[in-house]
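There are 2 protein chains.
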Amino acid sequence: MAAIPNRVDCNSCSVRELCLPHGLSFDEVEQLERAVGARRRIKRGQELYHARDAFSALYAIRLGSFKTRLSTADGREQVTGFQMAGDLLGMDGIGAARYASDAVALEDSEVCVVPFDQLEELSREVGSLQSHLHRMMSREIVRDQGVMLLLGNMRAEERLATFLLSLSERFRARGFSPSAFVLRMSRQEIGSYLGLKLETVSRVFSRFREQGLVDVDQREIRLRDEAALRRLVEACAGVA
Amino acid sequence: MAAIPNRVDCNSCSVRELCLPHGLSFDEVEQLERAVGARRRIKRGQELYHARDAFSALYAIRLGSFKTRLSTADGREQVTGFQMAGDLLGMDGIGAARYASDAVALEDSEVCVVPFDQLEELSREVGSLQSHLHRMMSREIVRDQGVMLLLGNMRAEERLATFLLSLSERFRARGFSPSAFVLRMSRQEIGSYLGLKLETVSRVFSRFREQGLVDVDQREIRLRDEAALRRLVEACAGVA
DNA sequence: CGTAGTCTTGAACTGCATCAACCAATGTGG
DNA sequence: CCACATTGGTTGATGCAGTTCAAGACTACG
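Read top to bottom, the protein sequences are chains A and B. No gaps in the numbering here: position 203 of the first sequence is 203 in this note's numbering, and each next residue is one more. If you count the second sequence from 1, you need to add 240 to reach this note's numbering.
(1) At which residues does the alpha helix (DSSP H) containing isoleucine 381 of chain B begin and terminate?
(2) I want to see whether chain B comes within less than 8 angstroms of cysteine 112 of chain A, judged by CB atoms only; does it?
(3) Check whether the Cβ atoms of leucine 310 of chain B and leucine 165 of chain A sit closer than 8 angstroms, and answer yes or no.
(4) Between leucine 213 of chain A and glycine 333 of chain B, what straight-line distance do the alpha-carbon atoms span, to the nearest angstrom?
(5) Relative to the C-alpha of cysteine 352 of chain B, which candidate in B:Phe421, B:Asp455, B:Arg470, B:Val255 has its C-alpha closest?
(6) Residues in the region 381 to 392 of chain B with C-beta within 8 angstroms of chain A's C-beta atoms, listed in sequence order?
(7) Could one say the Cβ of threonine 72 of chain A lies closer than 8 angstroms to chain B's Cβ atoms, at least one of them?
(8) In chain B, which residues lie less than 8 angstroms from serine 192 of chain A when you measure between Cβ atoms?
(9) Let me see if you follow: with CB-CB separation under 8 angstroms, is glutamine 271 of chain B close to chain A or not?
(10) Run through DSSP, which three-state label would glycine 333 of chain B get?
(11) Alpha carbon to alpha carbon, how far is threonine 320 of chain B from serine 426 of chain B? Give it in angstroms, no decimals.
(12) Can you find the residues in the same chain that come closer than 8 angstroms, C-beta to C-beta, to methionine 241 of chain B, ignoring five residues on each side of it along the sequence?
(13) Report the CB separation of lysine 283 of chain B from glutamate 429 of chain B in whole angstroms; it is logged as a contact under 8 angstroms.
(14) How many angstroms separate the CA atom of phenylalanine 359 of chain B from the CA atom of leucine 272 of chain B?
(15) Taking C-beta to C-beta, are leucine 58 of chain A and leucine 88 of chain A nearer than 8 angstroms?
(16) Looking at the structure shown, is alanine 3 of chain A part of a helix, part of a strand, or coil, going by DSSP?
(17) Could you work out which residues of chain A lie near methionine 377 of chain B, taking near to mean beta carbons separated by less than 9 angstroms?
(18) Please list, in chain order, the chain B residues whose beta carbon lies closer than 7 angstroms to that of glutamine 78 of chain A.
(19) So which of B:Arg379, B:Arg410, B:Ala275, B:Ala475 has the shortest CA-CA distance to valine 248 of chain B?
(20) Looking only at C-alpha atoms, which of A:Asp74, A:Ser168, A:Glu125 sits nearest to aspartate 27 of chain A?
(21) Buried or exposed for aspartate 384 of chain B, going by 16 or more other Cβ atoms inside 10 Å?
(22) Just to confirm, is the Cβ distance from arginine 459 of chain B to leucine 423 of chain B under 8 angstroms?
(23) Report buried or exposed for arginine 471 of chain B, applying the criterion of at least 16 other Cβ atoms within 10 angstroms of its Cβ.
(24) To the nearest angstrom, report how far apart methionine 377 of chain B and cysteine 259 of chain B are at their CA atoms.
(25) Along the chain, where does the beta strand (DSSP E) containing glycine 317 of chain B start, and where does it finish?
(26) What three-state label does DSSP hand cysteine 112 of chain A in the structure shown?
(27) Measure the CB-CB distance between glycine 386 of chain B and glycine 478 of chain B and report whether it falls below 8 angstroms.
(28) Return helix, strand or coil for tyrosine 99 of chain A, following the three-state DSSP convention.
(29) Less than 7 angstroms separating the Cβ of glutamate 189 of chain A from some heavy atom of the ligand SAM?
(30) What residues from chain B crowd round glycine 86 of chain A, counting only those whose CB sits closer than 7 angstroms?
(31) Please classify arginine 399 of chain B as buried or exposed, where buried requires at least 16 other C-beta atoms within 10 Å of its C-beta.
(32) Can you say whether alanine 3 of chain A is buried or exposed, counting buried as having 16 or more other CB atoms within 10 angstroms of its CB?
(33) Go ahead and label glutamine 78 of chain A buried or exposed: buried means 16 or more other beta carbons lie within 10 angstroms of its beta carbon, across all protein chains shown.
(34) Quick one: list the residues of chain B neighbouring glutamate 120 of chain A, beta-carbon separation under 8 angstroms, in chain order.
(35) Quick one: what does DSSP say phenylalanine 66 of chain A is sitting in, helix, strand or coil?
(36) So which residues of chain B does arginine 124 of chain A contact, with C-beta pairs closer than 9 angstroms?
What follows is the structure, encoded as structure tokens:
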């Protein structure tokens, strides 16, 4: 059987259960696949989209990972999120018909292009798809608010512990080891996300290592005492 | 004609153009009004909803203003936003079927209750309503990312200037004076939103006053040199 | 094998927090 | 109507977490 180049095949996609609602019928998945434009490969360091580009599509990450960032006139950078396989990119573009941030690949990656008008149309017919879209957007709002809490109230150690546990959880959800993983991003980028300078990130990693909480070898991380990390986070974590 | 108590009347609502899409037909507004549950009054200091309450509805503010906040186990508070007439509350509840934050009235207020399942259903029929909902959620995401930038990268003066200009803009959009207004929130709450302590907020207000940027009398604010405030913000504002 | 990017570590600095006193406005009860 | 308490805001003195500046180590890649 000849493979159709760039043809989307959701049923065999490894992150299906992350980016699609449960219980779609075979037919509905078919419809969705017709709506989804194509796959697109992005090399490490390249931009999937740039702030102020005209918005037309959401992107579902099939493979790889990204950061989203805001850049300021005077050259500061705020990383607003790290996205991995199964995550959805571009929801910040819907409101103003332009993307609000840059999306940059942290490694060679591949996304499914989901033209938004077609998604809206299809979600008018398929209720579960509509709900799924709403849930995805709402979760993004909740995540962002969590970051506000982190940036507004936490100290450096609490921020990094929160970050590590959140990564761990996301790897677990994707079937990878939650206790040993490789960071896709630099200290600089972690710092930007957490509102810290890269030196501070490095120092806190060192402190965690000395206390036996983690093994750190460059970007390879092993969580050695997850309970202790969790204790660090507990007091300052949202009650919810 | 006997007024139906708590009956919603969108056509005569002063914030109609903020919370409804343009160009709804009379019929469609009728449908929406039937879907919208009722009005609800919230006294100053009371909670409209609490984090972890079961989610069932969005709330459109008719009158008054609110703050949303996250509370932590050890008693810290992060204000995640201030909402005023025409704004939508509760979108953080969709994803997990529970509200993620508390919504507290800053003054005696009134909201329209919009049961979410009915809104979803109606938005499947009325395309413009569907798009409007998506835009509202997306704008919330963009706003939250802007706050991340503020918390992660800006200094105290830049944060407060950003805050004042944003308030000014929102008052303007509602037909109030953009240069003279009364703050609905305390220094404490402003500080929590901006990631600062109340003393710092107070000090920066004083500095702005000394520099002739604003008049401050308790909660009464008058912007005297908007251009200067804007200059403070420009360098660090998102390029977008 | 050399050069550039990334990471670590140290020393000194600083912006905001903390602690504390005081003031103004508002409310309360006698 | 006035003493008094309460709440919210201002201002000063001091401290410290995280930044800044700087140097060196490690890694990767052409």
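Note that the Cβ used here is the ideal one computed from N, Cα and C, for glycine as well.
Per the coordinate set shown:
(1) Residue mapping note: residue 381 of chain B aligns to position 141 of the second sequence, counting from 1. Run containing isoleucine 381 of chain B: 367 to 393, per the alpha helix (DSSP H) assignment.
(2) Taking the first residue of the first sequence as 1, we reach residue 112 of chain A at position 112. No, because no Cβ of chain B sits closer than 8 angstroms to the Cβ of cysteine 112 of chain A.
(3) Along the second sequence, one-based indexing puts residue 310 of chain B at 70. Along the first sequence, one-based indexing puts residue 165 of chain A at 165. Not closer than 8 angstroms, so no.
(4) Position 213 of the first sequence, counting from 1, holds the residue named residue 213 of chain A. Position 93 of the second sequence, counting from 1, holds the residue named residue 333 of chain B. Going by the C-alpha atoms only, they are around 34 angstroms apart.
(5) Residue 352 of chain B sits at position 112 when you count from the first residue of the second sequence. Closest option to cysteine 352 of chain B, Cα to Cα, is B:Val255.
(6) Ile381, Val382, Asp384, Gln385, Gly386, Val387, Met388, Leu389, Leu391, Gly392
(7) Against the first sequence, residue 72 of chain A aligns to sequence position 72. Yes, its Cβ sits closer than 8 angstroms to a Cβ of chain B.
(8) Stepping through the first sequence from its first residue, residue 192 of chain A is reached at position 192. Here the neighbours are Gly392.
(9) Here the question's residue 271 of chain B lines up with position 31 in the second sequence. Chain A contact via Cβ: absent.
(10) The residue given as residue 333 of chain B occupies position 93 in the second sequence. Residue state, collapsed to three classes: helix.
(11) The count along the second sequence starts at 1 and reaches residue 426 of chain B at position 186. The count along the second sequence starts at 1 and reaches residue 320 of chain B at position 80. Answer to the nearest angstrom: the Cα atoms are 15 angstroms apart.
(12) Your numbering for residue 241 of chain B matches position 1 in the second sequence. Bear in mind that the predicted position of methionine 241 of chain B carries a pLDDT of just 46, short of 50, making it too unreliable to give a figure here.
(13) Reading the second sequence from its first residue, position 43 is the one you call residue 283 of chain B. Reading the second sequence from its first residue, position 189 is the one you call residue 429 of chain B. Wrong, their Cβ atoms sit about 17 angstroms apart, outside the cutoff.
(14) If you number the second sequence from 1, residue 359 of chain B lands on position 119. If you number the second sequence from 1, residue 272 of chain B lands on position 32. Checking the sequence shown, residue 359 of chain B turns out to be leucine, not phenylalanine. So the two alpha carbons sit approximately 8 angstroms from each other.
(15) Mapped onto the first sequence, residue 58 of chain A falls at position 58. Mapped onto the first sequence, residue 88 of chain A falls at position 88. Taking 8 angstroms as the Cβ cut-off, leucine 58 of chain A and leucine 88 of chain A qualify as a contacting pair.
(16) Residue mapping note: residue 3 of chain A aligns to position 3 of the first sequence, counting from 1. Because alanine 3 of chain A carries a pLDDT of 43, less than 50, the predicted location of this residue cannot be relied on, and the following value inherits that uncertainty. Of the three classes helix, strand and coil, the one that applies to alanine 3 of chain A here is coil, per DSSP.
(17) The residue you call residue 377 of chain B lines up with position 137 of the second sequence. Near methionine 377 of chain B (Cβ distances below 9 angstroms), the residues of chain A are Met91, Ile94, Gly95, His134, Met137, Ser138, Glu140, Ile141.
(18) As a position in the first sequence, residue 78 of chain A is number 78, starting the count at 1. Near glutamine 78 of chain A (Cβ distances below 7 angstroms), the residues of chain B are Met388, Leu389, Gly392, Asn393.
(19) The residue you call residue 248 of chain B lines up with position 8 of the second sequence. Closest by alpha carbon: B:Ala275.
(20) Your numbering for residue 27 of chain A matches position 27 in the first sequence. The option with the nearest alpha carbon to aspartate 27 of chain A is A:Glu125.
(21) Mapped onto the second sequence, residue 384 of chain B falls at position 144. It is buried - the Cβ of aspartate 384 of chain B has at least 16 other Cβ atoms within 10 Å.
(22) Translated into the one-based positions of the second sequence, residue 459 of chain B becomes position 219. Translated into the one-based positions of the second sequence, residue 423 of chain B becomes position 183. The answer is yes: Cβ separation under 8 angstroms.
(23) For the purposes of this step, residue 471 of chain B is taken as residue 231 along the second sequence, with counting starting at 1. By the neighbour-count rule (16 or more Cβ atoms within 10 Å), arginine 471 of chain B is not buried but exposed.
(24) Locating residue 377 of chain B in the second sequence gives position 137, where the first residue counts as 1. Locating residue 259 of chain B in the second sequence gives position 19, where the first residue counts as 1. Going by the C-alpha atoms only, they are around 12 angstroms apart.
(25) Within the second sequence, numbered from 1, the residue matching residue 317 of chain B stands at position 77. For clarity, residue 317 of chain B is glutamate in the given sequence; the question names glycine instead. Looking at the DSSP string, the run of the beta strand (DSSP E) that includes glutamate 317 of chain B is 317 to 324.
(26) Here residue 112 of chain A is taken as the residue at index 112 of the first sequence, counted from 1. Cysteine 112 of chain A: strand per DSSP, three-state reduction.
(27) Here residue 386 of chain B refers to the residue found at position 146 of the second sequence. Here residue 478 of chain B refers to the residue found at position 238 of the second sequence. Yes, Cβ-Cβ distance for glycine 386 of chain B and glycine 478 of chain B is below 8 angstroms.
(28) As a first step, residue 99 of chain A must be located in the first sequence, where it is residue number 99. Residue state, collapsed to three classes: coil.
(29) The ligand SAM is not part of the structure shown, which contains no ligands of any sort.
(30) As a first step, residue 86 of chain A is located in the first sequence; it is residue number 86 there, counting from the start. Those within 7 angstroms of glycine 86 of chain A in chain B number zero; the least Cβ separation is about 15 angstroms.
(31) On the second sequence, position 159 is the one that residue 399 of chain B refers to. Looking at its Cβ environment, which holds 16 or more other Cβ atoms inside 10 Å, arginine 399 of chain B is buried.
(32) Along the first sequence, read from residue 1 onward, the residue named residue 3 of chain A stands at position 3. Because alanine 3 of chain A carries a pLDDT of 43, less than 50, the predicted location of this residue cannot be relied on, and no value is offered for it.
(33) Locating residue 78 of chain A in the first sequence gives position 78, where the first residue counts as 1. Burial call: buried.
(34) The residue given as residue 120 of chain A occupies position 120 in the first sequence. Under the 8 angstroms cutoff, chain B gives Gly367, Gln370, Ser371, His374.
(35) Residue numbering aside, residue 66 of chain A sits at position 66 when the first sequence is read from its first letter. Phenylalanine 66 of chain A: strand per DSSP, three-state reduction.
(36) The count along the first sequence starts at 1 and reaches residue 124 of chain A at position 124. What arginine 124 of chain A touches in chain B: Ser363, Arg364, Glu365, Gly367, Gln370.
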